[in-house]
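A.B. asks: Heads up, the working numbering is the position in the sequence shown plus 24, with the first residue counted as 1.
Sharing a structure with you now.
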Amino acid sequence: MDAAAIAAAARLLEAGELVALPTETVYGLGADAENPEAVAKIYAAKGRPAGHPLIVHIAPDADLRRWAIEIPPEAEQLAKAFWPGPLTMILKRNPAIPDAVAGGQDTIGLRCPSHPIAIALLRAFKGGEGGIAAPSANRFGHVSPTTAQHVREEFGADHPLVQCVLEGGQSEVGLESTIVDLSRLKSRGPVLLRPGRLSTDDLASALGRPVSLPDAAAPRVSGSLESHYAPMTPLAMVPRAQLNEVLNQLTQARRRVAVMAIQQISHPLAAHRQMPMDALGYGHDLYAALRDLDHAGAELIVVEAPPASAEWDAVNDRLRRAAHDSRGVLTRMRRARRGVAQ
Ligand code: TXA
Ligand code: MG
Numbered sequence: 025m026d027a028a029a030i031a032a033a034a035r036l037l038e039a040g041e042l043v044a045l046p047t048e049t050v051y052g053l054g055a056d057a058e059n060p061e062a063v064a065k066i067y068a069a070k071g072r073p074a075g076h077p078l079i080v081h082i083a084p085d086a087d088l089r090r091w092a093i094e095i096p097p098e099a100e101q102l103a104k105a106f107w108p109g110p111l112t113m114i115l116k117r118n119p120a121i122p123d124a125v126a127g128g129q130d131t132i133g134l135r136c137p138s139h140p141i142a143i144a145l146l147r148a149f150k151g152g153e154g155g156i157a158a159p160s161a162n163r164f165g166h167v168s169p170t171t172a173q174h175v176r177e178e179f180g181a182d183h184p185l186v187q188c189v190l191e192g193g194q195s196e197v198g199l200e201s202t203i204v205d206l207s208r209l210k211s212r213g214p215v216l217l218r219p220g221r222l223s224t225d226d227l228a229s230a231l232g233r234p235v236s237l238p239d240a241a242a243p244r245v246s247g248s249l250e251s252h253y254a255p256m257t258p259l260a261m262v263p264r265a266q267l268n269e270v271l272n273q274l275t276q277a278r279r280r281v282a283v284m285a286i287q288q289i290s291h292p293l294a295a296h297r298q299m300p301m302d303a304l305g306y307g308h309d310l311y312a313a314l315r316d317l318d319h320a321g322a323e324l325i326v327v328e329a330p331p332a333s334a335e336w337d338a339v340n341d342r343l344r345r346a347a348h349d350s351r352g353v354l355t356r357m358r359r360a361r362r363g364v365a366q
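What follows is the structure, encoded as structure tokens:
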């Protein structure tokens, strides 16, 4: 680990600049959470709508009361069980914290990441007492970055706001943190806002009570927009049993297709990624695979739908949103032969 690079990045954050940092989930685009002008730079660089709240990353053993009022025992239990790690908790915000970081909501999202470089940066920044607001380091709606190179691809080498990208290898989890809402415990109990590596069962067993799925009154989460995490190329999900038939039709229609599949594929294709059979391995590889296939010059990315069981929830959640804007594309392509009059 490069201590000088971490110290320099901490000084940049203290000066109100942005720093892209590795975490165990995905790379984040960080700013001083207590500096509204610095936070505004995140929204500007990402092209993210202002109403979307950001997660504040804090050091291990940080004082939660600096950030939140009403720290319920549930928050202590989850922090003890899963921090540092891929869990974000939504709590009632301490009004002393500028609301820019919370998108104007009276809550705050807090997470203590486990990546050693993220922890070292949090300890070097403001004497370990600050918070780094960091959404995923990608342009709004795009695929999240799991390497420093992905971050550079998102923002370009000479982006005026994104100059410092800390190198931290490939993100270990590969999917964004699990988000649980603890801000409405009395009325709703704990509510899952975004699935991730930690499942509702993991949270429920640490809490000794069930965790429910989001309701209409749940706070907004940009990762819960119908369309998100999407490559530029249209993406269609195909059930496992239909994959070969669909690929035959697309090949006959002379479509340039890229495929992401768990089963073995023998078709001639623009590009092909064979994915791990286990949900953790698949989640680890997912975003890098989507980026690769996006660069293959294909007209369509066909994804073999993974299993529907609970351990695949986070993967299926991201794939469903990535496919959202491409609904109907596959049907049209299967019907229409390119360049041939109907
Ligand atoms: O794994 C992660 O969580 C990564 C890494 C960098 O830590 N960060 C991440 O940030 O995914 P982002 O901004 O892409 O997604 C954060 C989600 C957003 O969907 C946001 O709306 C939600 O967390 N969020 C943050 N604060 C919230 C709040 N006060 N209430 C409800 N949702 C909140
Ligand atoms: Mg994101």
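Even for Gly, the Cβ is constructed at its ideal location relative to N, Cα and C.
Would you tell me roughly how many angstroms separate the C-alpha atoms of residue 46 and residue 179, rounded to the nearest one?
C.D. replies: 15 Å
A.B. asks: Report buried or exposed for residue 309, applying the criterion of at least 16 other Cβ atoms within 10 angstroms of its Cβ.
C.D. replies: buried
A.B. asks: Whose C-beta lies closer than 8 Å to the C-beta of residue 183 among residues of the same chain, with five residues either side of it excluded?
C.D. replies: Closer than 8 Å at the Cβ level, and outside the excluded window around residue 183, lie 69.
A.B. asks: For ligand 2, is there a heavy atom less than 6 Å away from the beta-carbon of residue 238?
C.D. replies: no
A.B. asks: Using the Cα positions of residue 269 and residue 343, report the straight-line distance between them to the nearest angstrom.
C.D. replies: 21 Å
A.B. asks: Taking 7 Å as the limit between beta carbons, can you name the residues of its chain near residue 365, skipping five residues before and five after?
C.D. replies: Because residue 365 carries a pLDDT of 39, less than 50, the predicted location of this residue cannot be relied on, and the following value inherits that uncertainty. No residues qualify anywhere along the chain.
A.B. asks: So what's residue 55 in DSSP terms, helix, strand or just coil?
C.D. replies: Under the three-state reduction of DSSP, residue 55 is assigned to strand.
A.B. asks: Just to check, is the beta-carbon of residue 138 closer than 6 Å to a non-hydrogen atom of ligand 2?
C.D. replies: no
A.B. asks: Within 10 angstroms of the Cβ of residue 357, are there 16 or more other Cβ atoms? Answer buried if so, exposed if not.
C.D. replies: buried
A.B. asks: Check whether the segment 31-47 touches the segment 184-191, taking contact to mean three or more Cβ pairs, one atom from each stretch, closer than 8 Å.
C.D. replies: By the Cβ test, the segment 31-47 is in contact with the segment 184-191, since at least three Cβ pairs between them sit closer than 8 Å.
A.B. asks: Cβ-heavy atom distance between residue 339 and ligand 3 below 6 Å?
C.D. replies: Questions concerning ligand 3 fall outside what the structure shown contains, since the ligands it does hold are ligand 1 and ligand 2.
A.B. asks: Would you be able to state if there are at least three C-beta pairs under 8 Å between the segment 127-142 and the segment 221-234?
C.D. replies: no
A.B. asks: Relative to the C-alpha of residue 50, which candidate in 286, 253, 89 has its C-alpha closest?
C.D. replies: 253
A.B. asks: Nearest to residue 165 by CA position, among 346, 351, 116, 352, is which residue?
C.D. replies: 346
A.B. asks: Looking at residue 207 and ligand 2, is the gap between the Cβ and the nearest heavy atom below 6 Å?
C.D. replies: no
A.B. asks: Take every Cβ of the segment 206-219, pair it with every Cβ of the segment 73-83, and state whether three or more of those distances are shorter than 8 Å.
C.D. replies: Touching, no, given that fewer than three Cβ pairs across the two stretches are closer than 8 Å.
A.B. asks: Got a sec, what are the start and stop residues for the alpha helix (DSSP H) residue 98 sits in?
C.D. replies: 97-106
A.B. asks: Considering only the beta carbon of each residue, do residue 256 and residue 318 sit closer than 7 Å?
C.D. replies: yes
A.B. asks: Using only the alpha-carbon positions, how far apart do residue 23 and residue 278 sit?
C.D. replies: The requested residue 23 does not occur in the structure, where the chain is confined to residues 25 to 366.
A.B. asks: Hey, quick one: how far does the beta strand (DSSP E) through residue 25 stretch, first residue to last?
C.D. replies: Looking at the DSSP string, residue 25 is not in any beta strand (DSSP E), and its letter there is neither H nor E.
A.B. asks: Which residues in the same chain have their Cβ closer than 6 Å to the Cβ of residue 224, if we skip the five residues on either side of it in sequence?
C.D. replies: 216, 235
A.B. asks: Hey, residue 157 and residue 55 are a contact pair by Cβ (cut 8 Å); roughly how many whole angstroms apart?
C.D. replies: 5 Å
A.B. asks: Would a C-beta distance cut-off of 7 Å place residue 207 and residue 116 closer than the cut-off?
C.D. replies: Cβ atoms of residue 207 and residue 116: closer than 7 Å.
A.B. asks: Just grab the DSSP bridge partners of residue 79 for me.
C.D. replies: 133
A.B. asks: Please return the same chain residues whose Cβ sits closer than 7 Å to the Cβ of residue 321, not counting the five positions on each side in sequence.
C.D. replies: 280, 294
A.B. asks: Is the beta carbon of residue 201 within less than 6 Å of some heavy atom of ligand 2?
C.D. replies: No, Cβ of residue 201 sits at least 6 Å from all heavy atoms of ligand 2.
A.B. asks: Can you look up residue 148 in the DSSP assignment and give me helix, strand or coil?
C.D. replies: helix
A.B. asks: Tell me whether residue 366 sits in a helix, a strand or coil according to DSSP, three-state version.
C.D. replies: Note that residue 366 scores a pLDDT of 38, beneath 50, so its modelled location is shaky; the value from the coordinates is reported in the next line. Three-state DSSP puts residue 366 in coil, outside helix and strand.
A.B. asks: With a threshold of 6 Å (Cβ to nearest heavy atom), would residue 170 be considered close to ligand 1?
C.D. replies: no
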